[in-house]
Every structure is written in structure tokens, then in C-alpha cells.
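Line by line, the protein sequences give chains A and B. With the first letter of the first sequence counted as 1, position 103 gets the number 103 in the UniProt record's numbering; the numbers rise by one all the way through. With the first letter of the second sequence counted as 1, position 294 gets the number 294 in the UniProt record's numbering; the numbers rise by one all the way through.
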Amino acid sequence: MTFRALNHAHIAMEETKPLARPCAKCRAQEATLDSRSQAVCSDCFAKFISTKCIKQIAILGKETRVPGHGPPPPNTAATGDTTSARRYLVGLSLGVSSSVLLQLLNENIEFQLARGRNAPFELTIVHVDASSSLSLGSQQQQSDNAAEEILSKYRQRYPRFDFRCIPLSAALSLQTIDWTALTPLTLPDSHPSKSPAGRLSELFDNLPSAASRTDTLRLFIRHILISTSRLERCQALLLGHSTTALAELTLSETAKGRGFSLPWQINDGALPVVNYSSSIKTNSPEVPAATAAAAAETVLIYHPLQDVLRKELTTYATLTSPPLTALISDLQDKTIATSSSAVVSHKDLSIEEVMFRYFAEVEENYPSVVANVARTTGKLLRLDGTAGGENTTTWCGMCSMPLDEQGDKRWRGELGEEEKTTTTANGTAATGGRLCYGCERTTLG
Amino acid sequence: MAPSLCAICKTQRALIKRPKNHTKLCKACFISIFEDEVHHTIISSELFQSGEKVAIGASGGKDSTVLASVLKTLNERHGYGLDLVLLSIDEGIKGYRDDSLETVKRNATQYDMPLKIVGYDELYGWTMDQVVETIGKKGNCTYCGVFRRQALDRGAKMLGIKHVVTGHNADDVAETVLMNLLRGDLSRLSRSTSIVTGDSRSEVKRSKPLKYSYEKEIVLYAHHKKLDYFSTECIYSPEAFRGSARSLIKQLERVRPSAILDIVRSGEDMARLVPGEPSPSSVAEDDSGGCGSQNGRTPGNEMAAMDKELRDNQAFEGLEIDVTKTMPDSKMAQKEKLWDLPLRNAGSKGVTRQVLGNCKRCGYMSSQEICQACTLLEGLNKNRPQIQI
Numbered sequence: 001m002t003f004r005a006l007n008h009a010h011i012a013m014e015e016t017k018p019l020a021r022p023c024a025k026c027r028a029q030e031a032t033l034d035s036r037s038q039a040v041c042s043d044c045f046a047k048f049i050s051t052k053c054i055k056q057i058a059i060l061g062k063e064t065r066v067p068g069h070g071p072p073p074p075n076t077a078a079t080g081d082t083t084s085a086r087r088y089l090v091g092l093s094l095g096v097s098s099s100v101l102l103q104l105l106n107e108n109i110e111f112q113l114a115r116g117r118n119a120p121f122e123l124t125i126v127h128v129d130a131s132s133s134l135s136l137g138s139q140q141q142q143s144d145n146a147a148e149e150i151l152s153k154y155r156q157r158y159p160r161f162d163f164r165c166i167p168l169s170a171a172l173s174l175q176t177i178d179w180t181a182l183t184p185l186t187l188p189d190s191h192p193s194k195s196p197a198g199r200l201s202e203l204f205d206n207l208p209s210a211a212s213r214t215d216t217l218r219l220f221i222r223h224i225l226i227s228t229s230r231l232e233r234c235q236a237l238l239l240g241h242s243t244t245a246l247a248e249l250t251l252s253e254t255a256k257g258r259g260f261s262l263p264w265q266i267n268d269g270a271l272p273v274v275n276y277s278s279s280i281k282t283n284s285p286e287v288p289a290a291t292a293a294a295a296a297e298t299v300l301i302y303h304p305l306q307d308v309l310r311k312e313l314t315t316y317a318t319l320t321s322p323p324l325t326a327l328i329s330d331l332q333d334k335t336i337a338t339s340s341s342a343v344v345s346h347k348d349l350s351i352e353e354v355m356f357r358y359f360a361e362v363e364e365n366y367p368s369v370v371a372n373v374a375r376t377t378g379k380l381l382r383l384d385g386t387a388g389g390e391n392t393t394t395w396c397g398m399c400s401m402p403l404d405e406q407g408d409k410r411w412r413g414e415l416g417e418e419e420k421t422t423t424t425a426n427g428t429a430a431t432g433g434r435l436c437y438g439c440e441r442t443t444l445g
Numbered sequence: 001m002a003p004s005l006c007a008i009c010k011t012q013r014a015l016i017k018r019p020k021n022h023t024k025l026c027k028a029c030f031i032s033i034f035e036d037e038v039h040h041t042i043i044s045s046e047l048f049q050s051g052e053k054v055a056i057g058a059s060g061g062k063d064s065t066v067l068a069s070v071l072k073t074l075n076e077r078h079g080y081g082l083d084l085v086l087l088s089i090d091e092g093i094k095g096y097r098d099d100s101l102e103t104v105k106r107n108a109t110q111y112d113m114p115l116k117i118v119g120y121d122e123l124y125g126w127t128m129d130q131v132v133e134t135i136g137k138k139g140n141c142t143y144c145g146v147f148r149r150q151a152l153d154r155g156a157k158m159l160g161i162k163h164v165v166t167g168h169n170a171d172d173v174a175e176t177v178l179m180n181l182l183r184g185d186l187s188r189l190s191r192s193t194s195i196v197t198g199d200s201r202s203e204v205k206r207s208k209p210l211k212y213s214y215e216k217e218i219v220l221y222a223h224h225k226k227l228d229y230f231s232t233e234c235i236y237s238p239e240a241f242r243g244s245a246r247s248l249i250k251q252l253e254r255v256r257p258s259a260i261l262d263i264v265r266s267g268e269d270m271a272r273l274v275p276g277e278p279s280p281s282s283v284a285e286d287d288s289g290g291c292g293s294q295n296g297r298t299p300g301n302e303m304a305a306m307d308k309e310l311r312d313n314q315a316f317e318g319l320e321i322d323v324t325k326t327m328p329d330s331k332m333a334q335k336e337k338l339w340d341l342p343l344r345n346a347g348s349k350g351v352t353r354q355v356l357g358n359c360k361r362c363g364y365m366s367s368q369e370i371c372q373a374c375t376l377l378e379g380l381n382k383n384r385p386q387i388q389i
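Okay, structure coming up:
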């Protein structure tokens, strides 16, 4: 799966036959692709994509070298393992972006091994399987074992990596979600007779709309990835978001009222992890305010494909040998169907799907605009919502982002809205933790 | 099926499903809650002072007509003590303004308010028809928008009025938030959601009391109050970019009705996150929406122009070295709270802050030495049509 750019260049130089349209980068091969207003050959294109990814991985490599960031590599003391190999967790949706990410990371390892070096990092790959417990309207996915079947193909192709398939219902037992804040939707322990999958689908049935269900699904998957990453003592969580996906996320979260926490959501870096173990009733994170940084529970989240457009990843997936498209064909079909099929009812659409359609068009015609969106949001400040630093930060029980006390107060004042006294469907008042504006929208409508 | 009753009075039949949150209301309750909400916005933002003379920017369209009607009602009901005046701008577009100005004239008698019409020819020496004659239809909305922005202020000044209210609604504000995110314009993002624009340096204060009102509710209010308004698109406005922020907002509204307000909320919060902006209340030029026309608000070529500009910038990017990107760690490790850490990119490529001054020619507030209007006028007067802003 290495690219034969050098070989090709060599051969081409010996040949004297002039090229009809030489690649703008190597000038040695026929250009077959248009990449960012340049005609390039497929080797140069693949190299370009790979460089974009490896550049980010190198930044992460420096970050994870710093002591105090994340837990130490696993078993270093016990086994006397001298390799200071980094260990990352990759979220694999089985879609184009995360599959390409996997491919690029694998290539990077092979490249290093071929040079007689150690592997620069170890990977744990996690797929969160929503299909076995949920059927989400237009997001309808495959039948029960489909995810495992597809994963086995990935295992064949990348035998080096450890692949896990975690059911979405695992979210129900996570302590990073404040279940007391979600009591209007479900009490996870109230129906011990029901299976986790049954309780999960009950929770999703109680959500007010398709938009809310998709939003909750995304948050639960994120929670599972973060928790697994900590459990596996990985130093960072890698997500496959492309430039386009980050732009979509930016506008989607803006549309859901989560503008305040956007910089926390889309930028690379350390995120605090809040733990609501059942013994602790307060909503404060298990973080001693200003003591040792090592005690702060954080997770590093990185988006190595943040500088690559989605359409470039789709092209890249066809260029590897064998093409990645065989692996992800089902999901690609799904993606195409989503983008081109006529909207039947807006009620069944999610905000994410609206943004997906919008950016498919913008990316096609105005790629630089897409790149600009994520870049711009990256400049916004991460505030912790304490407004002056007197109070300690309070975190949203569902999305784990800081609550914006100042914004909430002003908003209630300007709109004359009462503080939402959350009552459950059967009328009992909820006493639990708090949610941010966006999560209130999602859970209560 | 029994007809459902109004969710507020529980006695009348519900005839209206509120676009904002889909509650079912009777006509009277809808009108009263719409007015109450605008009243609340006015009171909580302390928009007005008793005895203040306020000009309503009136185009004859639904937004400004509803604004005039609601303000008149609230002024009488709650004793604001306002002296309300209608102020209209005549761009000098034959066949467009002729009719809408007739509407404004009727509104003036219906609401018993004085009306002042100021023409572009009076203010700038050019009517829009003359501008189009010179530069053609392409890009003329830029001229119209820039001229219009100042026209209300200049007109108010002529009348000795220090406060102009405009009919910008929640949809307009949400659109501006999304457009500024797409544009990557954080400076404007931090200003665009403020209810009051213009600070101590400007002589005229601008505000938008309908900032939280849904466009659809404004239409419903106008319909049920049987208001006399005019709806025709400007004959010069071009076909808008198909996937513009406007149509995006309409789709989001269909998926989740609260989305428009949620975007406004996000925009207000993000204004506090813009680095280097002291507070969102000290604001500069009002830049929401060029004209009252649906199409004119997002000129068709804006996306393309923006894309090209960004591409051009990218060509030079390779020559820069982002210092923070190559050495992020040493400083970061020393901080106590990890989530207080500066982001890799934050600050380094900081947001360009605009310093507000006054135009040397006309005295209108401007971040440039010469304001946009005077620059455009200079071009027109030299008969040189294409000027990049």
C-alpha cells in the first residue's frame, strides 16, 4: 500500500514521450485529478493527503510527550517495556473519513517499520454500534450483525490493530453522563427487567424529535469513545472529522444553541472529563480546582484530517490499493442517498443532515469557504462559564461542556423565560443535575 | 375531532400554530403575546427613555409596518412617552419605491405619525436609477446597501432625532450570525447580535426591537391585524446564492422551529468569545442586511467573491510559519488548569480589530479614514464603476 511516486518519477524521466497534462507537482506523471486548483497525478494527490494527516499526528506526538498530559503508557512499569510508544484510540464510524484516517495511520506505521524504526504509536480502534439497539428514522442502518461483519473485514486488512465493537447501550452505564439531569427521559435503573438496548430505545423514543435523537446519538457515541479511551489508558482520542465535517459541526452546533461551547467542541486539545459516580451528588467535576495538574481528569482529542476536505477523502479512498471503497461501499451508498434523495419530510430530518446537504453544495463550489469556517471558530476563546473566576465551572450533564451562567441569565432576562423547571412526563419534578441551553433544547424540545 | 382550544385563554378556538414553538393559540392571544414579547425586549434592554423622539425606519414592507404598529400600540398601552416618527428613504428606483412610499404615506395617516422621506439624490446627489445607468445592474446592491445604511442616520440627523429603530427580525439576526461564520468575520460576529448598535461616537443610536421576533410571526401579526403593507422585491436585486444562509435558516426552522432563536442565542454567546473584543455592547457600524429586499440581503456573488479571496490568501500561506504550531508544549505544561490553556491557534492569528473613527469627508462613523459611502461616491463621481470594498 505504499505509493510508487518515486519509481514512477524515475521511469517517466527516462521516457521521452511528452505528457499531455503533466502533474503540477512532480511534472513526471500524467495529471488525472484536480486538487485545490492544480492538476496533479494520483501519487502526488495521495502524498498531499497523507502529509496533511501526518503533520497533525506530529503535533499530537509532541503534545503527548509532555509529562502530565494524560495517563502514562500502559504497563510500562510492570512489564519493563522500554518502548515509550504512544497509544491512541481511533473512533471508527465505518464511513469514509474515519476509514481513510485508519489507512493513513497504518501507512505511517508501515513506513516507520520499513525504515527499521519502532512503530510511532499503537492504536485501539473503536466502533460504536448504534444499529443493534436503535433504528433512527432516516438514519436507519444495517441489521444486527452487520457492524461486526464489516469490522471483520477491517481486522483482515489491518491485522496490527485491536478492533472493538461497543454497543450504543453501553452509554447507559457511563458515569460521565449525569443521568439525574436526564430523568425526564429515563431512569436507567428504574426498569431492571429491561435489557440495556430496550432501555436505550425507550430513552430515544422519549426524545421530542428526529433532530434530538441524532444529536443525542452523537453525544452518546462521543461519551463512549472518551470513556473507552480513558479506560484503555490511551493518550489521545483521534476523530476522523474532515474540514467539511468540522464546518458542518460548527454550524450545526450553532443552530442547536451551543455556540458558547463550540471552541471546546471543535478545537484540538485537552478536554476535562467529568465523572458523576453515583456516590457523588454534586454537579462539580472530580477536579481539584488548582492543585496538581496530574489530578485533572482530561482527555486529548485530535482531528488529524482537519485540513482535508470530505470530497478529497472520498477521492483518496479510491486510490489506495486495494481501494478502501470496497470496505466502505455500503456506507458510501448511504451517504450518496442522503445527499441526493429528495426530502420527504423535514420532521424526519436532523440538523446534521440539513448541514450535510448544505455543505455538500458549498464544498463543491466554494471549498475555501468551507475551510474558513473551522479556521474562524478555532480563533474563538474557550471560556469556562464562570464569568470572573469566582465560581467553579459547572458542566453540562449531557454534553460535558461548561455551562454558560452569564449567557443563561441574560437570555432569561431578555426573553422573559422562566428558568426551566424540568418536569418529567408524569409530572414529577426533576431534582438532578443541569443541562446547557442546547441539551435542554434536545431533551425537552 | 373536537377543535382544540387556545393554550393561553383556554376558551377560544385555537386558530394559529405559533411558528416559534408550535403552541396553538387563538387570534387575540397570539396578538397579545406577540406584543408582550416585544414589550419585554424593550423593557429588559432599556431601549427607550421617556420623552425620547424615535424615528422608525419605514420601508413599507412587513417588518417596518409591524414595528410601527406594535410600537404605537405599546407606546400607548404602557406609556413609554415616545414621540414616534416614520422615516423613509427614497433610493430613487422608479416602480419600486413609488408604490412602497405610497404605503408608507398611508401608514402615516393610519398610525397618525409624521413622515419624513429622504432621497438618495438629496443625500448623495445620485438616485439608484442613475447609479444603475452608470455601473449596470451587477453590484449595484452594494451601493444601495452602503448608501442606505447611512441614509437613515443622516435623515434622522436632519430631523434632529437621535434614535432610529429598524424592523430587523430574529431571522435577519440568525442569518447574519451564520453569514459571519461562513465569512469568517469574527469582528462582525461580535457586533451583529447586539440589540443596540452605534456607540457614543455616533450621533444616532440604532436598535432593533423585533430582534427576537420570528419573521413568520411578523407576517401572521400583519395578517391578523390587517396591516397595510407592501411586498414586492426590488427590481434590481439579483438572484441569490442558492444555498445562502437564508435558505439554510428556513430549512433549519422546518426541522426544529426553535433553531432561529437558538442561532441568535449562539451568536450572542459567541460574541463574548471573540478575542480582543472588550464587550459586545460597544459596537460600531450596523451591517445587518443591505436592504429590505429578501434577495438583496445576500447578494448572489458574495460566496464566489469570498471563495476567491480566501484562495488568494492561501497562496501566500505557505510562506508563513505559524510559530505557535511548531512549539506548543513548553508553556502549556506549566499552567495549572488544563482547560485554561490557550489554544494552539488562539491569539497568534488574532482577529483584526477595527478602530472606529469618523469619516474625514462626511463625519459619519467609520473604521476607515474615508467611509464606504464617500469612497463609492468618489468612484461614481469619477465615473469609474468598479470599486472593491
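Where is the CB? At the ideal position from N, CA and C, for every residue including glycine.
Taking each of B/225, B/6, B/37 in turn and checking the Cα distance to residue 413 of chain A, the smallest one comes out for B/37. The beta carbons of residue 50 of chain B and residue 95 of chain B sit no closer together than 7 Å. Assigned with DSSP and collapsed to three states, residue 251 of chain B falls in helix. Interface criterion not met: the Cβ of residue 305 of chain B is under 7 Å from no Cβ in chain A. Going by C-alpha positions, residue 62 of chain A is about 35 Å away from residue 214 of chain A.
The C-beta of residue 308 of chain A comes no closer than 7 Å to any C-beta of chain B. In this chain, the alpha helix (DSSP H) harbouring residue 438 of chain A covers 437 to 444. A Cβ of chain A is located within less than 7 Å of the beta carbon of residue 265 of chain B. Residue 128 of chain B is a Cβ neighbour of residue 144 of chain B, given a cutoff of 7 Å.
Taking the C-beta atoms as reference points, residue 97 of chain A is found nearer than 7 Å to residue 313 of chain A.
Around the beta carbon of residue 300 of chain A, 16 or more other beta carbons lie within 10 angstroms, which makes this residue buried.
For residue 381 of chain A, the nearest beta carbon of chain B is closer than 7 Å to its own beta carbon. Residues of the same chain with a CB within less than 7 Å of the CB of residue 220 of chain A, apart from the 5 flanking positions on each side, are 168, 171 in chain order.
Around the beta-carbon of residue 62 of chain B, 16 or more other beta-carbon atoms lie within 10 Å, marking it buried. DSSP, read as helix, strand or coil, puts residue 165 of chain A in strand. For the stretch 174 to 233 of chain A, the full-length alpha helix (DSSP H) segments reaching 4 residues or more read 196 to 205, 210 to 231 along the chain.
Annotation for residue 268 of chain A: 301, 302, 303 place their beta carbon closer than 7 Å to its own, counting only its chain and skipping 5 residues before and after. Only those residues of the stretch 249 to 263 of chain B whose C-beta falls short of 7 Å from the nearest C-beta of chain A are listed: 251, 252, 254, 255, 256, 258, 259, 262, 263. Against residue 178 of chain B, the close residues of chain A are 251, 254, 255, in the order they occur along the chain (beta-carbon pairs closer than 9 Å). The stretch 221 to 231 of chain A and the stretch 101 to 110 of chain A do not touch, with fewer than 3 CB-CB distances between them shorter than 8 Å. Cβ-Cβ separation between residue 219 of chain B and residue 56 of chain B: approximately 18 Å, too far for a contact (criterion under 8 Å). For residue 4 of chain B, the CB contacts under 7 Å within the same chain, skipping 5 residues up- and downstream, are 14, 24 in chain order. Closest in C-alpha terms to residue 366 of chain B, from the list B/307, B/65, B/149, comes B/149. The contact set of residue 354 of chain A on chain B, defined by CB atoms closer than 8 Å, consists of 248, 251, 252, 255 in chain order.
Using a Cβ-Cβ cut-off of 7 Å, residue 139 of chain B does not count as an interface residue toward chain A, since no Cβ of chain A sits closer than that to its own. Residue 88 of chain A and residue 120 of chain A have their C-alpha atoms spaced approximately 11 Å apart. Our two residues, residue 204 of chain B and residue 157 of chain B, have alpha carbons roughly 7 Å apart in a direct line. A residue is called buried when at least 16 other Cβ atoms come within 10 angstroms of its Cβ; residue 215 of chain B meets this threshold and is buried.
At a cut-off of 7 Å between beta-carbon atoms, residue 316 of chain A makes no contact with chain B. Where residue 20 of chain B is concerned, there is no enclosing beta strand (DSSP E), because DSSP gives it neither an H nor an E.
Secondary structure at residue 308 of chain A: coil, using DSSP grouped into helix, strand and coil. Bounds of any alpha helix (DSSP H) do not take in residue 347 of chain A, whose DSSP letter is neither H nor E.
Cβ atoms of residue 397 of chain A and residue 257 of chain A stay farther apart than 8 Å, at about 16 Å.
For the pair of segments examined, the stretch 173 to 181 of chain B was found to touch the stretch 240 to 260 of chain A: the number of CB pairs separated by less than 8 Å reaches three. The contact set of residue 372 of chain A on chain B, defined by CB atoms closer than 7 Å, consists of 184, 310 in chain order. Under the Cβ distance rule, residue 299 of chain A does not count among the residues neighbouring chain B, no pair being separated by less than 7 Å.
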